[in-house]
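Worksheet: the structure to be examined is printed underneath.
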Amino acid sequence: MSSGRTVAGKPGALLVIVSGPSGVGKDTVINALRSIPADPPRHFVVTCTTRPRRAYEEDGVHYHFLTREAFLARREAGALLEANEVHGHWYGTPRDEVRRALRAGRDVILKIDVQGAAVVKQKVPEAMLVFLVPPTLEDLFSRLQARATETADELDVRQRNAALELSRQKDYDHVVLNETGQVERTAARIDAIIRAEKAAHPDRRTRV
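Each number in the working numbering comes from the position in the sequence shown (counting from 1) with 33 added on.
Right, dumping it as structure tokens:
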């Protein structure tokens, strides 16, 4: 059931999209959010991508690493909720993974770029969008340089795109500052936002 009609999740189950520019700390914040108990447990979606695997990454844990051909075949089959090419590589969200979790009554946490977030919001109006921002652009650039996972050309592209991505924060439901060294505080803020949203709309059903 990868495409066609939408499927409703259990009442109250929420689709949460976390976005932000490269280097803002999305992965680190989401890992901290994993450690905060929730009942039922939250589901953290593993995104599909065609980009090369970094040394510390595990297939099926950090991403589903696919060839370009395999990725595009999934997109053509309607198996992806959204798919976008970012920094020269494809990224996409497995539709059935999101559906299964929502139907089980679990909140779904999805990390995607601003392009993908806009697509999902259009398809799933009930989705809640959270945008992470750095204290300053200079701080963001320092983080990008420190992680040393991109070539000089790739780093330049990410830095130029960061300013454009930050201009999109007005399209989000919530903007959360991720201060350097305050990951747990940032995760706690997102946790509080999720709980408040669920309390305000206990009967809302998210359709994917």
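The beta-carbon is built from N, C-alpha and C at its ideal position, and this holds for glycine as well. Here the structure is a predicted model, which means the values were calculated and not measured.
Could you name the residues that DSSP lists as bridge partners for residue i?
i      : result
Asn117 : Tyr124
Tyr96  : Asp92
Thr82  : Phe98, Tyr124
Arg240 : Ala41
Phe104 : BP columns for Phe104 are empty, so no partner.
Three-state secondary structure (DSSP) at residue i?
i      : result
Lys144 : strand
His52  : Before going further, note that residue 52 is Ser rather than His in the sequence given. It is a strand residue.
Val152 : helix
Ala41  : strand
Leu173 : helix
Leu47  : coil
Met34  : Confidence at Met34 is low in this model, with a pLDDT of 47, below 50, so its placement is unreliable and no value can be given for it.
Val190 : helix
Val131 : helix
Val57  : coil
Val163 : strand
Val62  : helix
Hey, out of the options, whose CA is closest to residue i's CA?
i      : options                       : result
Arg176 : Ala46, Ser55, Pro70           : Ser55
Ala151 : Arg132, Asp186, Asp206        : Asp206
His234 : Ala46, Thr100, Leu105, Gly125 : Ala46
His95  : Glu109, Ala71, Phe77, Glu102  : Phe77
Lys203 : Val79, Asn194, Glu230, Val163 : Val163
Arg38  : Ala225, Lys156, Glu217        : Lys156
Arg108 : Gly93, Phe98, Tyr124          : Tyr124
Would residue i and residue j qualify as a contact pair, given that the criterion is a beta-carbon distance under 9 Å?
i      : j     : result
Ala196 : Ser68 : no
Val166 : Val57 : yes
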